[in-house]
Every structure is written in C-alpha cells, then in structure tokens.
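K.L.:
Letter by letter, the sequence shown follows residues 576 to 710 in our numbering.
For each residue, glycine too, the CB sits at the ideal point set by N, CA and C.
Okay, here's the structure, questions in a sec.
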Amino acid sequence: MEPGIEDRKTDTGRMKISSPALTALDLLRYPQAAGGIDNVATVLMDLAEKIDPSQLAALSDAAERPVIQRLGYLLERLGHKDRSDPMYAALMARGAAPWTELDRHETRDPDFTPTPQERDDRWHVIVRRSPEIDE
576 MEPGIEDRKT
586 DTGRMKISSP
596 ALTALDLLRY
606 PQAAGGIDNV
616 ATVLMDLAEK
626 IDPSQLAALS
636 DAAERPVIQR
646 LGYLLERLGH
656 KDRSDPMYAA
666 LMARGAAPWT
676 ELDRHETRDP
686 DFTPTPQERD
696 DRWHVIVRRS
706 PEIDE
C-alpha cells in the first residue's frame, strides 16, 4: 500500500483514505483549494492530535520544502511541537531551508503586500498575517 494511505472498513465495504499526516501535507500543498490559510489552520486544530509524527516525518521526505516549513510552523503555533519535531529533523537533514511565505496568496500584488508581522527562525517562515482560527 502507498505511504499515507489507510485501508478503512465502512458500512458499504473497504475504502482507501488519506492518513491524517498525508491530509495535513496536502492541506498546505493546496491551501487555496482548502479555503485559504485560515481554514487550513482551523482544520489542523482538530487533525493534529491524529497525526502520527513518525509517518509525517517519513512522508515529508517526498514533500516540497515550503510545504513542510508551513505545516511545521502551523503545528507548533497550534501547540503540537511534538508532532512537528520529527518532521523538522527530516527537513534539516536535507540542508538549510530558504525563507518561504506562510501564505503566498498575500504577496501576489506588491502594492498591497502587508509588512511581515513575524519571521519564524526555526521554520524560516515569513508571516504577514496570523491565521484566524474558527473555534
């Protein structure tokens, strides 16, 4: 079976679904399809507890660096450093990470790009606006 894919039994039979770790990476890979960074952060609030840190680290080997950086930053911001630490170690094994924007959408128009509120030195993520999380 593919990494990150789980086999689940349902009322209608067996079904292959994305693991919480793979889902989290996909949310950060396609944030606009997920409704934007605010929605991604809201979903991660509930999803983070279900993420297997070692599986997340293994899956991050195949993920793009900026995706890993954004996910790691958000997990730590949401209080789940225990989930992101193995992923951070895997990222650092690939060498120094360049700086990346938390939300690339905010930098589309240079005339309206907000000034950074934060620069996270651990994940090398530039935060122009903190995500708003629906409680």
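Could you pull the start and end residues of the alpha helix (DSSP H) that S593 belongs to?
P.N.:
Reading the sequence shown from its first residue, position 18 is the one you call residue 593. Element bounds for S593: not the alpha helix (DSSP H) but the beta strand (DSSP E), 588-593.
K.L.:
Using a 10 Å radius around the Cβ and a threshold of 16 neighbouring Cβ atoms, would you call G579 buried or exposed?
P.N.:
The count along the sequence shown starts at 1 and reaches residue 579 at position 4. Buried, because 16 or more other Cβ atoms sit within 10 Å of the Cβ of G579.
K.L.:
Would you kindly work out how many angstroms separate the C-alpha atoms of V700 and R645, rounded to a whole number?
P.N.:
Position 125 of the sequence shown, counted from the start, is the residue given in the question as residue 700. Position 70 of the sequence shown, counted from the start, is the residue given in the question as residue 645. One C-alpha to the other measures close to 7 Å.
K.L.:
Quick check on the DSSP output: what are the complete alpha helix (DSSP H) runs of length 4 or more inside the segment 615-686, in order along the chain?
P.N.:
Listed in chain order, the complete alpha helix (DSSP H) runs (minimum 4 residues) inside the segment 615-686 are 628-635, 640-652, 656-668.
K.L.:
Rounded to the nearest angstrom, what separates D660 and R669 at their Cα positions?
P.N.:
Counted from its first residue, the sequence shown places residue 660 at position 85. Counted from its first residue, the sequence shown places residue 669 at position 94. Roughly 15 Å between the two C-alpha positions.
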